[in-house]
Amino acid sequence: MMAGALLYNVKDAARLQKIRFALFKLGISGRTVAPEELSHPVGYLFGLEGFSPAEEPAAGSFSDEMLVLCGLTGAQLDALLSALRRSRVLIPLKAVVTEDNAAWSSIKLHDELFRAHETSQDLVCRLLLEK
Numbered sequence: 001m002m003a004g005a006l007l008y009n010v011k012d013a014a015r016l017q018k019i020r021f022a023l024f025k026l027g028i029s030g031r032t033v034a035p036e037e038l039s040h041p042v043g044y045l046f047g048l049e050g051f052s053p054a055e056e057p058a059a060g061s062f063s064d065e066m067l068v069l070c071g072l073t074g075a076q077l078d079a080l081l082s083a084l085r086r087s088r089v090l091i092p093l094k095a096v097v098t099e100d101n102a103a104w105s106s107i108k109l110h111d112e113l114f115r116a117h118e119t120s121q122d123l124v125c126r127l128l129l130e131k
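Taking my numbering, the leading residue of the sequence shown gets 1, the next gets one more, and so forth.
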């Protein structure tokens, strides 16, 4: 499986360009998630086997920037995070797809990350990839 990234609500063109460049340099494919896709399971958005689109739109939405990663090696993850830091692109809400959260909608993943982030500003909300 190819390493991938989903980008949410990155409206600033310069920031988006910096993120896309960091992903490109590491061979990670990235795409922006459209508002109408927020209901679909994250696993489906990454094209993982066994996930299909949501039949009903999920309630809610969000405007925070969020970055969701899938299939990265530990080295790629570290390199991406330090590249984003160097280019001064801070995205507080970041997650790695796991077996547990792959079935969640983007809205549920955002809400869980937001809660964890609010609970402890110092804690890096990083879910480890179990594969």
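For every residue, glycine included, the Cβ atom is placed at its ideal position computed from N, Cα and C.
Predicted, not measured: the structure shown is a model, and the values here were computed from it.
| Asked | Found |
| --- | --- |
| Endpoints, the beta strand (DSSP E) within which Ser29 is located | 29-32 |
| Cβ shell of Ser39 (< 6 angstroms), same chain only, five flanking positions each side left out | Ala54, Pro57, Ala58, Ser105 |
| Neighbourhood of Arg126 by C-beta, 6 angstroms cutoff - its chain only, sequence neighbours within 5 removed | Below a pLDDT of 50, predicted positions are generally treated as unreliable, and Arg126, at 44, falls in that range; the measurement from the model is reported next regardless. Counting only Cβ-Cβ distances below 6 angstroms, and skipping sequence neighbours, we find nothing. |
| Environment of Met2 [buried if 16+ CB atoms lie within 10 Å] | exposed |
| C-beta atoms of Ser87 and Lys18 nearer than 7 angstroms | yes |
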